[in-house]
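In mature numbering (1 follows the signal peptide of the UniProt record, and there is no 0), the protein residues as written are -17 to -1, 1 to 301.
Every residue gets a Cβ at the ideal spot worked out from N, C-alpha and C, and that includes glycine.
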Amino acid sequence: MIPLITFFIASAHLAHAHIGAYHRAMYCLNGLSNVTVQGIRSVSDPQQRVQTWDEFWFRGQCKEFPPPEGERVGGYVELELVGNKAVSSLGFNGTKTSDWADGAPHPELYHWIDNGKCVTSPNMHSTSEADASGTVLAIAYKSDIHDVQYEDLVVVSVAPNTPWKRIAKYEIPNLPACPEDGCVCAWGWSPNWCAQDNLYMNGFKCKVTGAKHDALPLGKAQKAVWCEDDSSKCVPGPKGLIIHSQNDDFNTVPEADLRDLSKLQKDGHLRSPGYNMKMGFAPGAQHDIFVGGAAPTSWRRASRIHGHRKHKSAMTTI
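This is how it looks when you write it as structure tokens:
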């Protein structure tokens, strides 16, 4: 059985490595190979200047390397945001992990004071936790990753001020059940100005369990737009992943907007579109993604996950 990210509803120190999201339900768990390796940075490198859609979407050839056979995961969703599989719980039996993305102890980061300089160890592309741009989980109600188009993949959760520590948690709205063979999910990150041209995406197999019989279907993903200067410009409803610094044929943010000195963001830097209110992404579970509008408030009650009550629905550990 392929390991899955399960959505329960209802009830080696690596200096200067970039960061990706790791879980045993991921595509490219062992890179472009089906042979188990303890350390690999298959999804931690940024995607930059990719020229074709197929090469960009779910990291191109990664689509051909689904999760290995194994047991489904349970619980709520936590992702490990690290620079290499080696320093996640998936490598070396978790013996090289720490609270941080490179496996080092970093006592200085627990009480870090923003000094305006980019944190480079680990390479989190931010000046502080408060400056971290946010990461997202998105879901497509299709079972074959090759069938997933842009409008199918809807952002369902924003983890604000991530990446910072290794573990990131994602709150999930009340989603409908997946097809019998599961859904396809994706993690996305678009850093702040510390790495303006960097963009990250990787895929997972996932499943929603315990869905309500009358759960609303998701709408089609729309392209988010820059709205830091005017919230009325923010796109309401379901939104898709941010794409920039690739080929303008499929960028959702034109390359020119990132270079235009007349279009600076409020902090005076060139625009860095991220998963935050600059692009109209509110933190936490996205409740306005359903056909017909937001899910009824009565649906947003505590979820029961492995016998523990939580105040919001949650996704499982990836």
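Quick check: P50 and I96, are their CB atoms within less than 9 Å of each other? Not in contact: P50 and I96 (Cβ atoms no closer than 9 Å).
Taking 8 Å as the threshold, find out whether the region 69 to 82 comes into contact with the region 119 to 138 through three or more Cβ pairs. No, the region 69 to 82 is not in contact with the region 119 to 138.
Smallest Cα separation from M9: which of F39, E47 and W36? Cα-wise, what sits closest to M9 is E47.
Leaving aside the five residues before and after S140 along the sequence, list all residues of the same chain whose C-beta is less than 6 Å from its C-beta, in chain order. Hits under 6 Å: L120, Y153, E154, I155 and A268.
Would you call P105 buried or exposed, if buried means 16 or more other Cβ atoms sit within 10 Å of its Cβ? When all chains shown are included, P105 counts as buried.
Note down, in chain order, each residue of its chain lying with its Cβ closer than 6 Å to the Cβ of W176, except the 5 sequence neighbours on either side. Answer for W176: H252 and S255, listed in chain order.
Apart from the five residues on each side of it in sequence, which residues of its chain come closer than 6 Å, Cβ to Cβ, to C189? These residues qualify, in order along the chain: L(-14), I(-13), C166 and C168.
So A204 and D135 are in contact, right, with Cβ under 8 Å, and what is the actual spacing, rounded? Separation of the CB atoms of A204 and D135 is rounded to 7 Å, and the pair is thereby assigned contact status at 8 Å.
Range covered by the alpha helix (DSSP H) that runs through E38: Run containing E38: W36 to F39, per the alpha helix (DSSP H) assignment.
Tell me whether residue 311 sits in a helix, a strand or coil according to DSSP, three-state version. Because the chain in this structure spans residues -17 to 301, residue 311 falls outside the shown range and cannot be described.
What does Q205 pair with, by DSSP beta-bridge criteria? When DSSP reads this structure, Q205 sits in a beta bridge with K222.
Separation of G276 from R55, as counted between CA atoms: Here R55 scores only 42 on pLDDT, less than 50, and its place in the model should not be relied on; the value that follows carries that caveat. Rounded to whole angstroms, R55 to G276 spans 32 Å at the Cα level.
Does the beta-carbon distance from A265 to T235 come in below 9 Å? Cβ atoms of A265 and T235: not closer than 9 Å.
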